[in-house]
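Visitor: The structure under discussion is supplied below as structure tokens; questions concerning it will follow.
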Amino acid sequence: MRPSRNGTPARGRDRRAVVVPAHDGRPRTPPGHRPACAVVGGGIAGIAAATILAERGVDVTLYEREPTLGGRLAGWADRLGDGSEVTMSRGFHAFFRQYYNLRGLLRRVDPGLDRLTALPDYPLLHGSGLYDSFARVPRTPPWSALGFVALSPSFGWGDLGRMDARAALPLLDVRAPDVHRRFDDISARDFLHGIGFPPAAQHLAFEVFSRSFFADPGELSAAELVLMFHIYFLGSSEGLLFDVPDEPYPQALWDPLGAYLRGHGVRILTGTGVREVAPAPGGGHTVLSDDGPRHADAVVLATDTDGLRAIAGASPGLCDAPWRARIGALRTAPPFLVSRLWLDRPVDPRRPGFLGTSGFGPLDNISVLDRWEGEAARWAARTGGSVVELHAYAVDPAARAGALSRELVAQLRRAWPETRAAAILDERHELRSDCPLFEVGGHRNRPTVHTPDPTVTVAGDLVRTEYPVALMERAATTGFLAANAHLRRWGLRGQTLWTVPMAGRSAVLRFLARAAGDPVPAG
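The sequence shown begins at 964 in the working numbering and counts up by one.
Structural data, given as structure tokens:
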């Protein structure tokens, strides 16, 4: 993958990936005409916005309420009972090859993406014993789908023949942004039932795609599930294999990017929450934060859902009343738990570094961090143990971390019997509830990058956009788009972006899918 002239990488192996050209303009602000922009939120979206703004010479102040950058991928120092210094985080994230714009951001400090290491497989284990793997599945559609059917023990040719072909055809013609008009009022569960997706294989769809949104399939919009099928499986030839950072997030990602931003003059205020954004006399905004008031000509709101709601609720002069009301009605997904265990012995060396699970109670995946993360590998080599991380998504809001983590450990021992003899030398548990909920029918009320005030934009993985992006890539893409809106007004060149194909790959299948019409909710 080669970098573009604006720093964003061109497409990967997919020759049908789409370029979104940058608007033209001056490469940098002229002397004496340096506008000021406040970027609220130091996660992927905020860092992406701050990066391109600073590269164009804008005076950027980046606010982050937590002590460190990274948002939901932040990490922090901790000390184990044995005295080892470790970096704790909110858990494993997969850096898929389709994340063109996120990778473009990382290339600013790591041109060869050497800090990312490839995991050889994306395996899935069901409690019944079914085991699916994507390691040998072709990456280019339609061979990816046919290869999966040929290799999967849970989805065979007979299952394919029993599906409702007419109802399933829209999967082959995902058109962004039309996908939300067609599927947003149906739940992911009802959609799969309606097309006759085999019950034995539904764990694939739910664990690979639905659970990525930390939501129950009965609450998740089918549009997001269908879009995920397109991005990762049926619309892109990048495949379902992914990379992971070779060290904890701060060391691999945020410390280098923070230094890069400071080198471009960005004022980074960590541990600094923004309370209100108020109209400033004479134009622009006054950003009221723990650091005191500061003037900004423009604002990028790149917070999580709770943060955006809080700022909108405390800022009566921000945008307009209907916009603030829509922001106030946003919901977060159910809680999720990350349990990290430092064990006194290694797991079976044949175990994968990452395993998606279904049918193991609340356990959704298992990661063996010492298989790829340097810090964990050094601890394991020194002690003879291993570092294992367990995730549970969409848990009961009344659940307690202690009881839930004990159940996760019990399910780990069921899935990997050799861990029954392992003693837990230390453990950390993170129970959080701050991910956006992509609920049925909720797309129309989610914020867009643009707001009623052209000097205020919004970015993050909760933001709706016309491009087929999701999760971390949606955060990076909307961060660049939010900055581009301000750069355009100031006559400064924007950021070139890339995306997976905007529609299905086959003209014949697209025609058949359009003829099939819109889906009818099941039951």
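From the three backbone atoms N, C-alpha and C, an ideal C-beta is built for every residue, glycine too. Predicted model, so just to flag it, every value in this text is computed and none were measured.
Do you know offhand how far L1043's Cα is from L1304's?
Guide: So the two alpha carbons sit approximately 11 Å from each other.
Visitor: Which one or two residues does DSSP pair with L927 in a beta bridge?
Guide: Because residue 927 is not part of the residues shown, which for the chain are 964 to 1486, the question remains open.
Visitor: Within 8 Å, do at least three Cβ pairs link the region 1199 to 1208 to the region 1173 to 1183?
Guide: Verdict: no, contact absent.
Visitor: Quick one: any contact between the region 1452 to 1465 and the region 1420 to 1434, if contact means 3 or more CB pairs under 8 Å?
Guide: Flag = yes, the region 1452 to 1465 and the region 1420 to 1434 touch.
Visitor: Helix or strand or just coil, what does DSSP make of W1379?
Guide: Three-state DSSP puts W1379 in coil, outside helix and strand.
Visitor: Cα separation between W1217 and L1032?
Guide: In a straight line, the C-alpha of W1217 is about 6 Å away from that of L1032.
Visitor: Take T1440 as the anchor and find which of G1423, A1448 and R1451 has the nearest alpha-carbon.
Guide: Comparing Cα-Cα distances from T1440 to each of G1423, A1448 and R1451, the minimum goes to G1423.
Visitor: In this structure, does DSSP put V1351 in helix, strand or coil?
Guide: Note: V1351 maps to strand in three-state DSSP.
Visitor: How would you call E1402, buried or exposed, if buried means at least 16 neighbouring beta carbons within 10 angstroms?
Guide: Counting Cβ neighbours within 10 Å, E1402 comes out buried, since at least 16 surround it.
Visitor: If you follow the beta strand (DSSP E) that M1051 is in, where does it begin and where does it stop?
Guide: Unbroken beta strand (DSSP E) run through M1051: E1048 to S1052.
Visitor: Given that a residue counts as buried once 16 or more other Cβ atoms are within 10 Å of its Cβ, and exposed if not, what is Y1094?
Guide: By the neighbour-count rule (16 or more Cβ atoms within 10 Å), Y1094 is not buried but exposed.
Visitor: At 3 residues or longer, what runs of the beta strand (DSSP E) sit wholly inside the region 1185 to 1260?
Guide: Listed in chain order, they are 1205 to 1208, 1230 to 1233, 1237 to 1242, 1248 to 1252 and 1255 to 1259.
Visitor: Let me know if H1143 comes out buried or exposed under the rule of 16 or more other beta-carbons within 10 Å of its beta-carbon.
Guide: Classification for H1143: buried.
Visitor: Assuming H986 and R1451 are in contact, meaning their beta carbons sit under 8 Å apart, how far apart are those beta carbons, in whole angstroms?
Guide: Their Cβ separation, rounded to whole angstroms, is 5 Å, which keeps H986 and R1451 in contact under 8 Å.
Visitor: Nearest to A1339 by alpha carbon, out of R1152, N1328 and V1351?
Guide: Residue V1351 is the option with its Cα nearest to A1339.
Visitor: With burial defined as no fewer than 16 other Cβ atoms inside 10 Å of the residue's Cβ, what is the status of R1152: buried or exposed?
Guide: Under this definition R1152 is a buried residue.
Visitor: Just to confirm, are H1392 and S1330 a CB contact at a threshold of 8 Å?
Guide: Their beta carbons are not under 8 Å apart, which means H1392 does not touch S1330 by this criterion.
Visitor: Measuring alpha carbon to alpha carbon, tell me which of D1073, R991 and L1434 ends up nearest A1222.
Guide: If we check each option's Cα against that of A1222, D1073 comes out closest.
Visitor: Just to confirm, are L1318 and L1088 a CB contact at a threshold of 8 Å?
Guide: Against a cut-off of 8 Å, the Cβ pair of L1088 and L1318 comes out as a contact.
Visitor: From the DSSP output, read off the bridge partner residues of W1305.
Guide: DSSP, once it has assigned bridges, lists V1350 and D1389 as partnering W1305.
Visitor: When the Cα atoms are used, what is the spatial distance from R1099 to W1335?
Guide: Their Cα atoms are separated by approximately 21 Å.
Visitor: To the nearest angstrom, report how far apart A980 and A1001 are at their CA atoms.
Guide: A980 and A1001: Cα-Cα distance of roughly 32 Å.
Visitor: On the criterion of 16 or more Cβ atoms from any shown chain inside 10 Å, does S1091 qualify as buried, or is it exposed?
Guide: The residue is exposed, with fewer than 16 neighbouring Cβ atoms inside 10 Å.
Visitor: Using the three-state DSSP reduction, which class does R1042 fall into: helix, strand or coil?
Guide: It is a strand residue.
Visitor: To which residues of the same chain is L1134 closer than 7 Å at the C-beta, ignoring the five residues directly before and after it?
Guide: V1189, F1192 and L1197, listed in sequence order.
Visitor: Would you kindly check if the distance between the Cβ of H1406 and the Cβ of S1184 is under 8 Å?
Guide: Yes; because the gap between Cβ atoms is below 8 Å, this pair is in contact.
Visitor: By Cβ distance below 7 Å, which residues in the same chain neighbour A1485 in space, the five residues on each side in sequence not counted?
Guide: Confidence is the limiting factor: at A1485 the pLDDT is only 42, short of 50, which leaves the residue's position unreliable, though a coordinate-based value still follows. Same-chain partners within the cutoff: D1153, H1156 and G1157.
Visitor: Contact check, G1038 vs T1050 under 8 Å by CB: the rounded distance?
Guide: Their Cβ separation, rounded to whole angstroms, is 5 Å, which keeps G1038 and T1050 in contact under 8 Å.
Visitor: So what's F1058 in DSSP terms, helix, strand or just coil?
Guide: It is a strand residue.
Visitor: Quick one, are the C-beta atoms of L1232 and A1241 less than 8 Å apart?
Guide: For L1232 and A1241, no; Cβs fall outside 8 Å.
Visitor: Tell me the residue span of the alpha helix (DSSP H) that contains M1441.
Guide: Sequence inspection shows Thr at residue 1441; the Met mentioned does not correspond to that position. Residues L1434 to R1452.
Visitor: Buried or exposed, going by whether 16 or more other CB atoms sit within 10 Å of the CB of E1027?
Guide: Classification for E1027: buried.
Visitor: According to DSSP, is T1268 helix, strand or coil?
Guide: Three-state result, T1268: helix.
Visitor: When DSSP builds the beta bridges, which residues end up paired with P1399?
Guide: Answer is T1295.
Visitor: Please identify the residue among D1045, V1426 and A1057 whose C-alpha is closest to the C-alpha of A1265.
Guide: Answer by Cα proximity: V1426.
Visitor: Using beta-carbon positions only, say whether G975 and R1060 come within less than 8 Å of one another.
Guide: Result yes, Cβ atoms of G975 and R1060 sit closer than 8 Å.
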